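The sequence shown: position 145 = 145 (the working numbering), numbered continuously. One structure is given below, encoded as structure tokens.
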Amino acid sequence: MFVFYFFAVIVIWLGLLSLRNGFSFAAYVRREIARPLPDFTPFVSVIAPCRGLEDGLRENIAALYHQRYPAFEIIFVTDRADDPALNVIEGVRSEVSTSPNASTPSSQSLVAGPATESGQKIHNLQAAVLAVDTRSEALVFVDSDARPQPGWLLSLVAPLVDERLGAATGYRWFIPLNGGFASQLRSVWNASIASALGERGDKNFCWGGSTAIRKSTFDKLEIRERWRGSVSDDFTMTRVLQEARLPVHFVPACLVASLDQCTNRELLEFTNRQLKITRVYAPHLWKPVLIGSLLFCAVFFGGLGLVIVRGILGHNYLVPLVIILIVYALGAAKAYIRLLAVSQVLVDYRQDVMRTLPWQMLLWPIASALFLVNAIVAWCSQRIAWRGITYDLKSPTEAVIISRDK
Numbered sequence: 001m002f003v004f005y006f007f008a009v010i011v012i013w014l015g016l017l018s019l020r021n022g023f024s025f026a027a028y029v030r031r032e033i034a035r036p037l038p039d040f041t042p043f044v045s046v047i048a049p050c051r052g053l054e055d056g057l058r059e060n061i062a063a064l065y066h067q068r069y070p071a072f073e074i075i076f077v078t079d080r081a082d083d084p085a086l087n088v089i090e091g092v093r094s095e096v097s098t099s100p101n102a103s104t105p106s107s108q109s110l111v112a113g114p115a116t117e118s119g120q121k122i123h124n125l126q127a128a129v130l131a132v133d134t135r136s137e138a139l140v141f142v143d144s145d146a147r148p149q150p151g152w153l154l155s156l157v158a159p160l161v162d163e164r165l166g167a168a169t170g171y172r173w174f175i176p177l178n179g180g181f182a183s184q185l186r187s188v189w190n191a192s193i194a195s196a197l198g199e200r201g202d203k204n205f206c207w208g209g210s211t212a213i214r215k216s217t218f219d220k221l222e223i224r225e226r227w228r229g230s231v232s233d234d235f236t237m238t239r240v241l242q243e244a245r246l247p248v249h250f251v252p253a254c255l256v257a258s259l260d261q262c263t264n265r266e267l268l269e270f271t272n273r274q275l276k277i278t279r280v281y282a283p284h285l286w287k288p289v290l291i292g293s294l295l296f297c298a299v300f301f302g303g304l305g306l307v308i309v310r311g312i313l314g315h316n317y318l319v320p321l322v323i324i325l326i327v328y329a330l331g332a333a334k335a336y337i338r339l340l341a342v343s344q345v346l347v348d349y350r351q352d353v354m355r356t357l358p359w360q361m362l363l364w365p366i367a368s369a370l371f372l373v374n375a376i377v378a379w380c381s382q383r384i385a386w387r388g389i390t391y392d393l394k395s396p397t398e399a400v401i402i403s404r405d406k
């Protein structure tokens, strides 16, 4: 019991710190969305790597064409000419170009070919940045599973008016389509990462699905060359910016909805991949996840077992039960505060976001246990499967392709 109480105090203390961070995240979101945008709208190149079909791909691509931004281009890039995503892109391009009310940005589709010495996404991005318009002053990277709101591009580029800034970034927010358990759990699991972003530019990280950077900064830091041998575009870019002591500005208005669903297998594949990549590219982040989730599971789920055993034996179980309820209440409160903040940003999906509130408050302990599983799996293996390609992550600068689908 003494050991349990000792670690319970640590977990409650960490829970209080986490709740404080939740309040800070919500306050930062409110301040940022209320702040007027700087008048900075240079010509930009939006680069969207694609591979295969996924839920809502047509709508995601259409959202890029309907950005409220004066002048920009879109570069879609994939690895092969027979990729089915290209047919969807052409269909959307045709629909948008014939719309009488559309101010259609220029766009092109590139075929980068199969990767050999880097991850396929990295290979695609390296090809795309060589094809940008000469007028382009900023590069914007977006994932094909993201569905940005109409003001996304304007909000993401505006902070780059400050030339001392390294990059501006958003993040994903999963909105389950079918309400299934695996989809809801992935949304809860991902939410804790989203709220790790905030005011500290030196602590923020780039998310490759929604990042803007001045082209001059990109070229000066030789990010295209630094990508070579990597699988993670965002971790590599973050590391390069940190080495140059250039901050990353988090733009809450650029939280993007990812509307899809997943199976239990896809849930494990996604979450394990994220932690394996984190362990290779940012071990200083992976270690706290391992230790923190281990402590939480030992106290929360171990405490539940303690309550059950003491109840069966007829012993007093009130104190451990109160401790478990306190730990749970702290996490549930943070989930509630975080969700309210996000609902102010994703206004087009506010009802969908708030519909997940019970899941966000109930599943967060299970998400913490899943983090522990992911961290242990990442400890044991550095092999990942991503978009039909299997990689062995040897180091941050060496990724070996084991196999690819046909």
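Think of the CB as a built atom: it goes at the ideal place given N, C-alpha and C, for glycine as much as any other residue. As the structure is a prediction and not an experimental result, all values here were calculated from the model.
Judged by DSSP secondary structure, Pro358 falls within the alpha helix (DSSP H) whose first and last residues are Leu357 to Leu362. When secondary structure is reduced to three states using DSSP, Ala282 falls in the coil class, being assigned neither helix nor strand. Here Pro49 is bridged, per DSSP, to Val77. Fully enclosed beta strand (DSSP E) runs of no fewer than 3 residues occupy 106-111 of the segment 84-123, in order along the chain. When rounded, the separation of the alpha-carbon atoms in Trp227 and Asp219 is 12 Å. When secondary structure is reduced to three states using DSSP, Ser144 falls in the coil class, being assigned neither helix nor strand. Inter-segment contact for the segment 112-129 and the segment 2-16 is absent: fewer than three beta-carbon pairs are separated by less than 8 Å. With respect to Leu241, Ala335 sits apart: the two C-beta atoms are not nearer than 8 Å. Taking the CA atoms as reference points, Asp133 sits about 24 Å from Arg147. If you draw a 10 Å sphere on the C-beta of Thr238, you find 16 or more other C-beta atoms in it, and that means buried.
Around the beta-carbon of Gly170, 16 or more other beta-carbon atoms lie within 10 Å, marking it buried. Residues of the same chain with a CB within less than 7 Å of the CB of Asn264, apart from the 5 flanking positions on each side, are Ala182 in chain order.
Taking 8 Å as the cut-off, the beta carbon of Ile47 is found no closer than this to the beta carbon of Ile89.
About 7 Å separates the Cβ atoms of Pro365 and Gly331, confirming a contact at the 8 Å cut-off.
Under the three-state reduction of DSSP, Thr134 is assigned to coil, being neither helix nor strand.
Going by C-alpha positions, Leu185 is about 24 Å away from Asn204. In this model, Ile337 and Gly113 are separated by some 45 Å (Cα to Cα).
Counting C-beta atoms within 10 angstroms of its own C-beta, Pro38 has fewer than 16 neighbours from the protein chains shown and is therefore classed as exposed. Residue pairing by DSSP puts Asp392 in a beta bridge opposite Arg383 and Val400. With contacts defined as CB atoms closer than 8 Å, Ala378 and Asn272 qualify as a contacting pair. Among the bridge pairs identified by DSSP, Ala167 is matched with Val248. Fewer than three beta-carbon pairs drawn from the segment 355-364 and the segment 388-398 are found closer than 8 Å, and the two stretches are therefore not classed as touching.
Counting the other CB atoms within 10 Å of its CB gives Glu32 a total of 16 or more, which places it among the buried residues. Bridge partners of Asp260 according to DSSP: Pro176.
Judged by their CB atoms, Ala138 and Ala212 are nearer to each other than the 8 Å cut-off. When the five nearest sequence neighbours on each side are left out, the beta carbons in the same chain lying within less than 6 Å of the beta carbon of Ala115 are those of His123, in order along the chain. In the assembly as shown, Asn316 is an exposed residue. Its beta-carbon has fewer than 16 other beta-carbons within 10 Å. In the structure shown, Phe72 falls within a strand segment according to DSSP collapsed to helix, strand and coil. Nearest Cα to Tyr28 within the set Leu197, Gly208 and Ala81: Leu197. Minimum Cα-Cα distance from Leu340 among the listed residues Arg164, Ala191 and Gly179 corresponds to Ala191. For Glu199, the CB contacts under 6 Å within the same chain, skipping 5 residues up- and downstream, are Tyr28 in chain order. In the DSSP assignment, Thr211 falls within the beta strand (DSSP E) that extends over Ser210 to Arg214. With respect to Ala375, Val280 sits apart: the two C-beta atoms are not nearer than 8 Å. Relative to Ser232, the option among Ala257, Leu275 and Arg404 whose CA is nearest is Leu275.
When the beta-carbon positions are compared, Ala8 and Ile277 stay at least 8 Å from each other.
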